[in-house]
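Undergrad: The numbers in our numbering rise by one with no breaks, and the one at position 149 of the sequence shown is 143. Before anything else, here's the structure in question.
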Amino acid sequence: MSPDELHIYINDFANRLGFVGYGAVAVEKMPSERARLECFVSKSYHGSMRYLAANMNIREEPSLLMDGAKSIMVLLIPYKPPLRQQKHFPKISSYAYGLDYHFFVKSRLRTLAEKIKELYPQMNYRVFTDSAPIFERALAVKAGLGFIGKNTFLISKTQGLSTLIGIIITDIQLKYSIEKVSNGCGKCTRCIEACPNGALIAPFEMDARRCISYNTIESPLGERLSSSPLIREDNIFGCEICMDICPWSSKGEPTNWQEFLPFAIQQGRSSVEVSAAEWLSMEEEEFRTHFSKSPLFRAGLSKIKESVTCANLKK
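Pasting the structure below:
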């Protein structure tokens, strides 16, 4: 099978699995991305996310993730919900409406890799989705899948912003993407202006410590900014203000991955239909029963209760 034929074969099967973008790049060092991250960390913009300051050598040199690595396959996973959460419930980021993507996305990545392995039995691979020290967004740009917006998100001109990134690193040679997507932000600064806490301190530059997502998911319990109180709106897990305001957010169809959709926690009630009062009165056992397979489990019930309280939500 020629490189062109293999590329078409992979792209077709990836589409059948529900991926909405595929590209491949050669395994190469990424010194400019390392320098960018080191600058971010040197300003303490990463807050308590110490893992961002770790494994710099691996981040810069993806070949260290697997012996004999030659190619990196990059895939986009759509999570745009058919319907958004009703406004009177405390807000949860839409990628967290359903099950934890770390598990089911990896499963589909393995399915794709095993399909390729039928053609190349000696092929070795590893799969990642937000689970390894690797510059996923930079690789997606290099693979021709989108551009980085002023809000620091990967933006696909066909799928918008509601995508996750899946990675397959392998030791076989692939056809590599050549065409890059031009930046589509232009003079627009809506995302910067919309952030209630000024987390987007400049185009393409974020101070995570001022970000609602960081403060409702990543920051330790009780952590507070020393300057001014954080405006949380009604967000208790994540925030999509700078995404929703982006003109590119209209792109892309609702996801057909059932795992991203809200799941039932009680008869007639879904995972996105929990009131502030219900969150505050919830016990750990109930939380584990209903949300152990949800992204919300990562934050933990105590953190969610803190976010509900800090957002001054009562109902």
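For each residue, glycine too, the CB sits at the ideal point set by N, CA and C.
What are the complete alpha helix (DSSP H) segments, minimum 4 residues, inside the segment 187 to 275?
TA: DSSP runs (the alpha helix (DSSP H)) wholly in the segment 187 to 275: 235 to 238, 270 to 275.
Undergrad: Output needed for Leu255: all residues of its chain with C-beta closer than 6 Å, excluding positions within five of it in sequence on either side, in chain order.
TA: The answer, listed in chain order, is Gly92.
Undergrad: Starting from the C-beta of Ser296, find all residues in its chain whose C-beta is less than 8 Å away, skip the five residues before and the five after it, and write them out in chain order.
TA: Leu215, listed in sequence order.
Undergrad: Using only the alpha-carbon positions, how far apart do Ser220 and Pro25 sit?
TA: With a pLDDT of 47 at Ser220, under the threshold of 50, the predicted position of this residue should be treated as unreliable, though the coordinate-derived value follows. So the alpha carbons of these two residues sit roughly 34 Å apart.
Undergrad: Are the beta-carbon atoms of Gly178 and Ser207 separated by less than 8 Å?
TA: Not in contact: Gly178 and Ser207 (Cβ atoms no closer than 8 Å).
Undergrad: By the DSSP assignment, the beta strand (DSSP E) with Thr157 in it spans what residues?
TA: Start and end: 157 to 164.
Undergrad: For the beta strand (DSSP E) containing Pro72, list its first residue and its last residue.
TA: Taken as a continuous stretch (DSSP letters only), the beta strand (DSSP E) holding Pro72 covers 65 to 72.
Undergrad: Suppose you measure from the CA of Ser36 to the CA of Arg44; what does that come to, to the nearest Å?
TA: Each residue's alpha carbon lies about 12 Å from the other.
Undergrad: Mind checking who Phe122 pairs with in its DSSP beta bridge?
TA: BP columns for Phe122 point to Ile161.
Undergrad: When you compare the CB positions of Gly140 and Ala132, do they come within less than 8 Å of one another, or not?
TA: Taking 8 Å as the Cβ cut-off, Gly140 and Ala132 do not qualify as a contacting pair.
Undergrad: Which class does Ile86 belong to by DSSP, given the choice of helix, strand or coil?
TA: In the structure shown, Ile86 sits in a strand (DSSP, three-state: E or B).
Undergrad: Under the rule that 16 or more other beta-carbon atoms within 10 Å means buried, what is Asp6, buried or exposed?
TA: So Asp6 counts as exposed.
Undergrad: Which residues in the same chain have their Cβ closer than 7 Å to the Cβ of Phe198, if we skip the five residues on either side of it in sequence?
TA: Contacts found: Ile142, Lys144, Thr146.
Undergrad: Going straight from the alpha carbon of Ala8 to that of Ser88, what length do you get?
TA: Using only the alpha carbons, I get a separation of about 23 Å.
Undergrad: Please confirm whether Ile52 and Leu46 have their CB atoms less than 8 Å apart.
TA: It is not a contact, given that the beta carbons lie outside the stated cut-off.
Undergrad: Can you say whether Cys33 is buried or exposed, counting buried as having 16 or more other CB atoms within 10 angstroms of its CB?
TA: Exposed, by the Cβ-count rule.
Undergrad: Do Ala188 and Ile235 count as a contact pair if the criterion is CB distance below 8 Å?
TA: In contact: Ile235 and Ala188 (Cβ atoms closer than 8 Å).
Undergrad: The beta strand (DSSP E) with Val19 in it runs from where to where?
TA: Start and end: 15 to 20.
Undergrad: Hey, how far is the Cα of Glu(-1) from the Cα of Glu55?
TA: Each residue's alpha carbon lies about 29 Å from the other.
Undergrad: Comparing alpha-carbon positions, which option in Val266, Lys151, Cys304 lies nearest Leu290?
TA: For Leu290, the nearest C-alpha among the options comes from Val266.
Undergrad: If Trp387 and Tyr73 are in contact, beta carbons under 8 Å, what's the gap, nearest whole angstrom?
TA: No statement about residue 387 is possible, as the shown extent of the chain runs from -5 to 309 and does not include it.
Undergrad: Look at the alpha carbon of Ala20 and the alpha carbon of Lys151, and state the distance between them as a whole number of angstroms.
TA: Whole-angstrom Cα-Cα distance: 23 Å.
Undergrad: Who are the Cβ neighbours of Asp201 in its own chain at under 6 Å, not counting the five residues just before and after it?
TA: Contacts found: Tyr39, Ala193, Ile195.
Undergrad: Determine the burial state of Ala258: buried for a count of at least 16 other Cβ atoms within 10 Å of its Cβ, exposed for fewer.
TA: With fewer than 16 Cβ atoms within 10 Å of its Cβ, Ala258 is classed as exposed.
Undergrad: Among Glu300, Thr210, Cys185, Leu168, which one has its Cα closest to the Cα of Ala90?
TA: For Ala90, the nearest C-alpha among the options comes from Thr210.
Undergrad: Run the CB neighbour count on Ser176, radius 10 Å, all protein chains shown included, and call it buried at 16 or more, exposed below.
TA: The residue is exposed, with fewer than 16 neighbouring Cβ atoms inside 10 Å.
Undergrad: Check for me: the alpha helix (DSSP H) holding His1 runs from which residue to which?
TA: Taken as a continuous stretch (DSSP letters only), the alpha helix (DSSP H) holding His1 covers -3 to 10.
Undergrad: In angstroms, rounded to a whole number, what distance separates the CA positions of Phe285 and Ile71?
TA: For Phe285 and Ile71, the distance between alpha carbons rounds to 22 Å.
Undergrad: Looking only at its chain, what residues have a beta carbon closer than 8 Å to the beta carbon of Asn191, apart from the 5 residues adjacent to it on each side?
TA: Answer for Asn191: Arg204, Cys205, Ile206, Leu224, Ile225, listed in chain order.
Undergrad: Between the alpha carbons of Ala29 and Pro127, how many angstroms are there, rounded?
TA: Ala29 and Pro127: Cα-Cα distance of roughly 15 Å.
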